[in-house]
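K.L.:
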RNA sequence: GGCCUUAUGGUCAAGCGGUUAAGACGACGCCCUCUCACGGCGUAAACCCGGGUUCGAGUCCCGGUAAGGUCACCA
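In this note's numbering, the protein residues as written are 162 to 707.
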């Protein structure tokens with residue numbers, strides 16, 4: 162059979178250039194020894210998964226830490242899954258979380274194009290080459306044909322797939338092929354696998370360690386009937402010509418690794434190193450499963466933006482899952498930037514971790530506590546502008562006022578910071594009582610209303626804005642004493658029955674009256690921030706409500 | 001079902017043949033304290049099961065079991 166003629170008939174792409182051209186066009190990168198070229202290669206589905214960030218971080222850290230290159234490639238070979246504007250989503254969400262690419266789609270770079278659809282010429286050139294060498298062939302099987310063999314294979318407990326005797330088009334005669342072509346039958350190009358499933362090799366995976374893999378014997382399709390490559394083929398061609406040295410990807414790819422190994426071999430490309438990382442899981446009743454895009458809102462990167470999680474917190478949490486010794490380092494050097502951490506691919510977990518929002522919340526609290534009130538202002542304002550209610554947006558109009566609120570709630574100036582804020586949404590909600598528009602108290606006192614009313618009024622009469630914290634508290638105590646509440650905690654503890662309650666109960670009444678809440682930061686300061694007029698008004702309003 | 005991978009407290013996990021089996025989150029208790037938050041101290045809580053190898057096994061080997069992944073003209 163004239164393979165050259167066949168190749169031309171099968172792939173009549175005029176733009177193809179000699180193979181040497183591509184090697185010269187995409188030369189080996191000149192990098193320091195030990196530098197890694199890594200990539201993130203998402204599909205433009207418009208949905209960014211937490212797992213995308215997870216794997217992006219691992220690749221990014223390794224590339225940048227080694228003085229290498231980290232780039233973005235868009236795997237848009239599946240027309241059905243493509244979504245308009247998806248690439249913007251990819252860029253925006255990763256940028257928000259501080260993942261920076263050196264080159265790639267919509268960025269500069271010498272190894273592009275970085276959209277697979279724009280690289281058809283290269284795939285065609287190499288698919289054609291394989292045909293010429295007899296290592297690939299056209300397959301005219303229909304979906305029904307394939308379905309039938311699959312049924313037969315499952316019934317007879319045979320290895321499913323297109324291989325050996327089941328590869329019906331593998332040994333089509335020249336006449337048959339041209340007859341099919343003349344009949345206008347659609348076809349795909351399949352690899353003529355040289356592998357044998359009975360042969361096993363041990364393969365060194367950068368994260369899993371030594372694993373045993375079986376040779377591929379599947380005649381996988383490399384070019385779909387529309388001439389677009391499948392993932393496997395595009396992966397081999399792209400990672401070769403983009404000169405990727407290390408591929409860190411999800412473990413769902415591990416089982417197709419034999420295909421990739423064969424493809425690289427058959428194409429004459431040097432195999433990159435691989436690291437297959439585990440996916441983040443979630444407990445679903447009694448069983449674990451992958452974080453699901455459909456079932457779990459926290460699977461989506463947009464969730465963290467909507468909730469207003471600080472990007473550094475999410476990154477930090479990802480890092481704790483990514484490198485087992487990261488958390489210890491972080492505790493030891495709380496003020497160091499996480500880029501100073503020496504990331505090690507060998508320290509990546511071998512089994513999938515359960516997503517733990519409580520842990521994320523804890524990390525988020527300490528992250529928020531690291532912010533100055535100015536930084537917090539900017540962060541919360543940006544969140545409110547995008548996701549907040551109209552009233553919440555208005556909070557930020559009076560910056561000086563907001564800064565005072567934040568300084569109090571974050572414990573700025575104190576020995577240790579408070580950790581009241583988890584994420585922007587929750588933070589903005591918790592400071593709602595500082596703003597009359599959203600101050601909607603549900604007064605819930607633990608004492609008799611008539612008594613509370615008397616105490617409120619009594620304190621209101623005594624209150625003076627100019628009092629300092631100590632003088633203010635003396636007045637609280639005075640009121641407490643007046644109504645039979647203990648002002649001395651020791652005395653109270655010694656004989657609780659002798660009193661209505663103690664000074665903290667009185668403070669609670671005042672707190673509920675002015676903020677609507679039983680738990681808040683320092684009440685004196687809150688009154689200082691609210692101002693004399695509003696403080697008095699709130700006390701009066703609360704008393705009137707009783 | 002075949003193949004691959006994994007298995008230490010509720011969760012994330014140290015551990016690489018000899019340890020009282022770290023630490024963090026969470027839970028609980030105490031202290032500090034006008035509440036809360038912070039902080040401090042403390043308690044409970046683990047080597048999947050069965051065989052080997054070895055003076056000695058969480059650690060090495062084999063076999064179970066369980067969990068995860070995968071078996072597309074999707075990535």
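All C-beta atoms in this analysis are idealised placements derived from N, C-alpha and C, irrespective of residue type, glycine included. What you are looking at is a predicted structure, and each value in this text was computed from that prediction instead of being measured.
1) Do you know offhand how far residue 187's Cα is from residue 282's?
2) For the beta strand (DSSP E) holding residue 300, just list the boundary residues, first then last.
3) Please report the distance separating the alpha-carbon of residue 268 from that of residue 237.
4) Taking the continuous alpha helix (DSSP H) assigned at residue 591, which residues delimit it?
5) Can you name, in chain order, every residue of its own chain whose Cβ lies under 7 Å from the Cβ of residue 648, other than the five neighbours on each side?
6) Which residue from 273, 258, 286 puts its Cα closest to that of residue 177?
7) Which same chain residues, not among the five before or five after residue 449, have their C-beta less than 6 Å away from its C-beta?
8) How about residue 325 and residue 377: do their beta carbons lie closer than 8 Å?
9) For residue 444, which three-state DSSP category applies?
10) Three-state secondary structure (DSSP) at residue 504?
11) Return the CA-CA distance between residue 503 and residue 220, expressed in angstroms with no decimal places.
12) Does the stretch 570-590 come within contact of the stretch 539-556, defined as at least 3 CB pairs closer than 8 Å?
13) Touching or not, the stretch 209-229 and the stretch 258-265, by the rule of three or more beta carbon pairs under 8 Å?
14) In this structure, how does DSSP classify residue 177 when only helix, strand and coil are distinguished?
15) How about residue 538 and residue 596: do their beta carbons lie closer than 8 Å?
16) Given residue 598, which residues of its chain have a CB within under 6 Å of its CB, disregarding the five upstream and five downstream residues?
17) My guess is that residue 278 and residue 232 are in contact by the Cβ rule of under 8 Å, so how many angstroms apart are they, rounded?
18) Can you tell which of 654, 505, 676 has its C-alpha closest to the C-alpha of residue 566?
19) In whole angstroms, give me the CA-to-CA distance for residue 531 and residue 481.
20) Specify the secondary structure class of residue 646 as computed by DSSP and reduced to three states.
21) Could you give the first and the last residue of the continuous beta strand (DSSP E) run that contains residue 231?
22) Within 10 Å of its beta-carbon, does residue 165 have 16 or more other beta-carbons around it, so buried, or fewer, so exposed?
23) Suppose you measure from the CA of residue 382 to the CA of residue 289; what does that come to, to the nearest Å?
24) Shortest alpha-carbon distance to residue 427 belongs to which of 356, 495, 464?
25) Considering only C-alpha positions, which residue in the set 327, 300, 554 is nearest to residue 313?
26) What distance in whole Å lies between the Cβ atoms of residue 411 and residue 453, which are believed to be in contact at a cut-off of 8 Å?
27) Assuming the contact rule is C-beta atoms closer than 8 Å, residue 366 and residue 436 should be a hit. Round their C-beta distance to whole Å, please.
28) With burial defined as no fewer than 16 other Cβ atoms inside 10 Å of the residue's Cβ, what is the status of residue 603: buried or exposed?
29) Going by DSSP in three states, residue 412 sits in which element: helix, strand or coil?
30) In the structure shown, what three-state DSSP assignment does residue 630 receive?
31) For residue 505 and residue 487, I'd like the C-alpha separation in whole angstroms.
32) Give me the Cβ distance between residue 251 and residue 209, rounded to the nearest whole Å; I'm assuming they're in contact under 8 Å.
P.N.:
In short, the structure shows the following:
1) Numbered from its first residue, the first chain carries residue 187 at position 26. Numbered from its first residue, the first chain carries residue 282 at position 121. Each residue's Cα considered, the two are about 14 Å apart.
2) The sequence position of residue 300 within the first chain is 139, counting from 1. Counting along the chain, the unbroken beta strand (DSSP E) around residue 300 starts and ends at 297-300.
3) Locating residue 268 in the first chain gives position 107, counting from the first residue. Locating residue 237 in the first chain gives position 76, counting from the first residue. One C-alpha to the other measures close to 17 Å.
4) For this step, residue 591 is matched to residue 430 along the first chain. Residues 585-591.
5) Residue numbering aside, residue 648 sits at position 487 when the first chain is read from its first letter. Answer for residue 648: 638, 641, 642, 664, listed in chain order.
6) Your numbering for residue 177 matches position 16 in the first chain. Considering only alpha carbons, the answer is 286.
7) Looking up residue 449 in the first chain gives position 288. So the list reads 442, once near-sequence residues are dropped.
8) On the first chain, residue 325 is found 164 positions in, with the first residue counted as 1. On the first chain, residue 377 is found 216 positions in, with the first residue counted as 1. No, the Cβ-Cβ distance between residue 325 and residue 377 is not below 8 Å.
9) One-based indexing of the first chain puts residue 444 at position 283. Of the three classes helix, strand and coil, the one that applies to residue 444 here is strand, per DSSP.
10) As a first step, residue 504 is located in the first chain; it is residue number 343 there, counting from the start. Residue 504 falls in the coil class under three-state DSSP.
11) On the first chain, position 342 is the one that residue 503 refers to. On the first chain, position 59 is the one that residue 220 refers to. Their Cα atoms are separated by approximately 13 Å.
12) yes
13) Yes: at least three Cβ pairs fall under 8 Å.
14) Residue 177 sits at position 16 when you count from the first residue of the first chain. Residue state, collapsed to three classes: coil.
15) Within the first chain, the letter at position 377 stands for residue 538. Within the first chain, the letter at position 435 stands for residue 596. Not a contact, by the Cβ cut-off of 8 Å.
16) As a position in the first chain, residue 598 is number 437, starting the count at 1. Only 552 meet the Cβ criterion.
17) What you label residue 278 is simply residue 117 of the first chain in a count that begins at 1. What you label residue 232 is simply residue 71 of the first chain in a count that begins at 1. With 8 Å as the limit, residue 278 and residue 232 do not qualify as a contact, their Cβ atoms being about 17 Å apart.
18) The residue given as residue 566 occupies position 405 in the first chain. Residue 676 is the option with its Cα nearest to residue 566.
19) For the purposes of this step, residue 531 is taken as the residue at position 370 of the first chain. For the purposes of this step, residue 481 is taken as the residue at position 320 of the first chain. One C-alpha to the other measures close to 18 Å.
20) Along the first chain, read from residue 1 onward, the residue named residue 646 stands at position 485. Note: residue 646 maps to strand in three-state DSSP.
21) Here residue 231 corresponds to residue number 70 of the first chain, with the count starting at 1. Run containing residue 231: 230-233, per the beta strand (DSSP E) assignment.
22) For the purposes of this step, residue 165 is taken as the residue at position 4 of the first chain. That one is exposed.
23) As a position in the first chain, residue 382 is number 221, starting the count at 1. As a position in the first chain, residue 289 is number 128, starting the count at 1. Using only the alpha carbons, I get a separation of about 13 Å.
24) Here residue 427 corresponds to residue number 266 of the first chain, with the count starting at 1. Selected option, being the one with the closest Cα: 356.
25) Within the first chain, residue 313 is the residue found at index 152, counting from 1. Out of 327, 300, 554, 327 has the C-alpha closest to the C-alpha of residue 313.
26) Taking the first residue of the first chain as 1, we reach residue 453 at position 292. Taking the first residue of the first chain as 1, we reach residue 411 at position 250. About 14 Å; that fails the 8 Å criterion.
27) Translated into the one-based positions of the first chain, residue 366 becomes position 205. Translated into the one-based positions of the first chain, residue 436 becomes position 275. Contact holds; Cβ gap of about 6 Å.
28) Mapped onto the first chain, residue 603 falls at position 442. Flag for residue 603 reads exposed.
29) Walking along the first chain from the start, residue 412 turns up at place 251. Residue 412: helix per DSSP, three-state reduction.
30) Here the question's residue 630 lines up with position 469 in the first chain. If DSSP states are grouped into helix, strand and coil, residue 630 belongs with the helices.
31) Here residue 505 corresponds to residue number 344 of the first chain, with the count starting at 1. Here residue 487 corresponds to residue number 326 of the first chain, with the count starting at 1. Straight-line spacing of the CA atoms in residue 505 and residue 487 works out to 10 Å.
32) Walking along the first chain from the start, residue 251 turns up at place 90. Walking along the first chain from the start, residue 209 turns up at place 48. Indeed they touch by this definition, with Cβ atoms about 6 Å apart.
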